[in-house]
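Here's the structure we're looking at; comments come further down.
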Amino acid sequence: EAVVHFAAESHVDKSVVDSAPFLRTNVEGTLVLVREACRAGVKRFVHVSTDEVYGSLGTSGSFTEDSALRPNSPYAASKAAADLFLRAWVKTHGAPVVITRSCNNYGPYQFPEKLIPLMIVRALEDQPLPVYGDGSNVRDWIHVEDHCRALVAVLERGRIGEIYNVGARSEMPNLAIVKTLLARLEKPETLIRFVEDRPGHDFRYSIDPSKIEKELGWKPERDLARGLAETVDWYLGHRPWWDEIRRRPAWKAYFASMYDRRLAEGKRAE
458 EAVVHFAAES
468 HVDKSVVDSA
478 PFLRTNVEGT
488 LVLVREACRA
498 GVKRFVHVST
508 DEVYGSLGTS
518 GSFTEDSALR
528 PNSPYAASKA
538 AADLFLRAWV
548 KTHGAPVVIT
558 RSCNNYGPYQ
568 FPEKLIPLMI
578 VRALEDQPLP
588 VYGDGSNVRD
598 WIHVEDHCRA
608 LVAVLERGRI
618 GEIYNVGARS
628 EMPNLAIVKT
638 LLARLEKPET
648 LIRFVEDRPG
658 HDFRYSIDPS
668 KIEKELGWKP
678 ERDLARGLAE
688 TVDWYLGHRP
698 WWDEIRRRPA
708 WKAYFASMYD
718 RRLAEGKRAE
């Protein structure tokens with residue numbers, strides 16, 4: 458028997474507005490889950506963490522599993538705290554924990570508050586696309602199916618007490634991501650609005666996945682160009698799913714609080 462721990466509050470913007478749910482869910486919730494898992498005698502507890510625990514990089518270099526933890530957002534801090542708490546449980550209680558730290562995911566069924574689905578669904582309705590700052594922030598992207606394959610590998614063959622970075626070596630600036638999506642949708646780049654940046658916005662993430670590749674034989678199978686094209690096509694074919702989400706009062710209130718002022722003050726791309 459095993460537990461794969463995905464449960465988390467995961468949106469950085471929301472953590473800046475209200476950090477309390479991130480502490481309760483990501484730290485206290487992880488304690489509850491690992492404690493009960495140990496009581497139940499599970500053989501393996503895979504904790505799904507994030508590369509954001511490492512903080513921000515400059516223009517070069519990549520994070521390894523030995524990189525220091527320097528979280529810059531309340532979300533990242535909550536995940537780093539959970540990682541360290543689980544490490545302590547391995548040492549003090551013999552908890553059968555393995556930790557993964559993945560780069561940014563994308564693909565089907567991603568909630569439309571995230572960058573890629575947000576840009577797709579707004580572009581489909583010819584609505585302005587909020588891009589933080591000048592769009593130069595860089596993320597390393599992995600398709601969700603490649604991430605899931607990595608988690609299966611860790612679940613089956615990962616070493617207890619170890620950390621495995623999961624990345625696809627697919628770095629791209631946010632603005633380039635948005636332009637790629639617009640090209641696939643045949644929508645104009647004039648939809649882009651450069652808006653006020655969020656506090657603590659990390660400049661660049663880059664994951665070195667050498668450890669999981671060498672130890673467990675895992676490698677990503679989808680390149681970013683193919684994955685983005687397939688993702689656009691998926692959202693085109695599943696409008697009822699995301700349209701229902703965007704009609705919810707909670708979604709409308711969230712979007713208004715995060716973006717209405719920013720968009721009103723934003724600069725249109727030329």
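In our numbering, the protein residues as written are 458 to 727.
Yeah, the Cβ is synthetic: ideal placement off N, Cα and C, and Gly gets one too.
query: By Cβ distance, which residues of its chain are closer than 7 Å to Gly486, with the 5 residues on each side in sequence left out?
result: Closer than 7 Å at Cβ, skipping near neighbours: Ala464.
- request: Within its chain, find whatever has a CB closer than 6 Å to the CB of Arg527; leave out the 5 residues flanking it on each side and keep chain order.
  value: Cβ within range, chain order: Gly512.
message: Counting C-beta neighbours from all protein chains within 10 Å, is the total for Val611 16 or more, i.e. buried, or is it exposed?
response: In this structure Val611 is buried. Its beta-carbon is surrounded by 16 or more other beta-carbon atoms within 10 angstroms.
message: Rounded to the nearest angstrom, what separates Ala477 and Cys495 at their Cα positions?
response: Roughly 26 Å separates the two Cα atoms.
field: Those runs of the beta strand (DSSP E) which lie wholly inside the region 604–650 and span at least 3 residues
entry: If you keep only unbroken beta strand (DSSP E) runs of at least 3 residues inside the region 604–650, you get 620–623 and 628–630.
- request: For Cys605, count neighbouring C-beta atoms within 10 Å of its own C-beta (all shown protein chains included) and say buried if the count is 16 or more, exposed if not.
  value: So Cys605 counts as exposed.
Residues near Ala686 by beta carbon distance below 7 Å, same chain, minus five either side: Excluding residues within five positions, the ones whose Cβ falls inside 7 Å are Arg641.
field: Sequence ranges, alpha helix (DSSP H) only - wholly within the region 670–722, length at least 4
entry: Counting only unbroken stretches of 4 or more residues, the alpha helix (DSSP H) elements lying wholly within the region 670–722 are 681–694, 696–704, 706–712 and 718–722, in sequence order.
query: Between Gly590 and Asp654, which are expected to be in contact by the criterion C-beta below 8 Å, what is the C-beta distance as a whole number of angstroms?
result: Indeed they touch by this definition, with Cβ atoms about 4 Å apart.
query: Which value, in whole angstroms, describes the spacing of the CA atoms of Arg661 and Ala607?
result: Just so you know, the alpha carbons of Arg661 and Ala607 end up roughly 22 Å apart.
- prompt: From what residue to what residue does the alpha helix (DSSP H) around Phe542 run?
  reply: Counting along the chain, the alpha helix (DSSP H) containing Phe542 begins and ends at Pro531 to His550.
query: Can you name the residues that DSSP bridges to Arg579?
result: According to DSSP, residue pairing for Arg579 in a beta bridge does not occur.
task: Give a yes or no on contact between the region 663–683 and the region 618–627, applying the rule of three or more CB pairs nearer than 8 Å.
output: As far as the Cβ criterion goes, the region 663–683 touches the region 618–627, which means the pair count is three or higher.
Alpha helix (DSSP H) runs wholly inside the region 485–512, at least 4 long, in chain order: Counting only unbroken stretches of 4 or more residues, the alpha helix (DSSP H) elements lying wholly within the region 485–512 are 486–497, in sequence order.
task: Verify the contact flag: Tyr589, CB atom, against every heavy atom of the ligand ZN, threshold strictly below 8 Å.
output: Ligands are entirely absent from the displayed structure, and the ligand ZN is therefore not among its contents.
CA-to-CA distance, Gly515 to Arg544, given in whole angstroms: Arg544 and Gly515 have their C-alpha atoms roughly 28 Å apart.
field: Exposed unless 16 or more other CB atoms sit within 10 angstroms - verdict on Lys644
entry: Its Cβ being crowded by 16 or more others within 10 Å, Lys644 is buried.
Pairwise C-alpha distance: Ile556 and Phe520: Rounded to the nearest angstrom, the gap between the Cα atoms of Phe520 and Ile556 is 15 Å.
task: Identify, in the order they occur along the chain, each residue of the same chain with its Cβ nearer than 7 Å to the Cβ of Asp795, setting aside the five sequence neighbours on each side.
output: Since the first residue shown for the chain is 458 and the last is 727, residue 795 is missing from the structure and cannot be characterised.
- prompt: What span of residues does the alpha helix (DSSP H) with Ser472 cover, start to end?
  reply: Its alpha helix (DSSP H) spans residues Val469 to Val474.
- prompt: Thinking C-beta only, is Val499 closer than 9 Å to Val547?
  reply: No, Cβ-Cβ distance for Val547 and Val499 is not below 9 Å.
- prompt: Under a Cβ-count criterion, where at least 16 other Cβ atoms within 10 Å of its own Cβ denotes burial, should His550 be classed as buried or exposed?
  reply: Of the residues assessed, His550 falls on the exposed side of the cut-off, its CB having fewer than 16 other CB atoms within 10 angstroms.
message: DSSP has Ser559 in a bridge; who is on the other side?
response: Looking at the DSSP output, Ser559 shares a beta bridge with Thr507 and Val623.
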